[in-house]
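>
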Amino acid sequence: MKKILYVFMLSGIVSGVHPSAATAVTPDGRAVFDRSCSVCHSINPPPKSAPPVIPLANRYHEKFATKAEGVAHMAAFLKKPDKNKAVDQQAVTRFGLMPLIKLTDAELKAVTGWFWDQYNPAMGRGRGMGGGQRRLMNQ
């Protein structure tokens, strides 16, 4: 039995497969957010030092037709933040460009998928809950 185990371990080492790679778990998007993003981003308004998740998720849904497109854009932005590629230019003006956060590809996939799923159509465009009603009331 020891010989069989030894052969399997040796074949794994020779093939370059790390034992933990076989048991790797897909990261949880909310856990990645809590660990790496929640210092600056709140889920709901009011904002901390960056735009809240739900209004920003709504912007992604406005700009991209599919989850695959939105998540791909978000992951590319997180890998290399660029103000010209920001979905919400007003957020960049208000909060500044976000810093680079080092995440693995698996963490990026998990957190961007989770982020996309936070879309809440009841929040509207996320620029306030009045829907322009205050402006109409003050005329």
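Position one of the sequence shown corresponds to residue 10 (my numbering), numbered consecutively onward.
Backbone N, C-alpha and C define an ideal beta-carbon position, used for all residues, glycine too.
Note that the structure is predicted; figures quoted are calculated from it, not measured.
Quick check on the DSSP output: the alpha helix (DSSP H) that includes Gln99 runs from which residue to which?
98-104
> Tell me which same chain residues have a C-beta within less than 7 Å of the C-beta of Thr3, skipping the five on either side of it?
In this structure the chain extends from 10 to 148, so residue 3 is not present and cannot be described.
> Could you have a look at Ser20 and say whether DSSP puts it in helix, strand or coil?
Confidence in Ser20 is poor, its pLDDT being 48 and thus under 50, which makes the residue's placement too unreliable to answer from.
> Going by Cα to Cα distance, which pick from Ile63, His50, Ala59 is closest to Asn129?
Ile63
> Evaluate contact between the region 75-85 and the region 43-58, counting only Cβ atoms and requiring at least three cross-stretch pairs below 8 Å.
no
> Helix, strand or coil, according to DSSP, for Ser58 in the structure here?
In the three-state DSSP reduction, Ser58 falls in the coil class, being neither helix nor strand.
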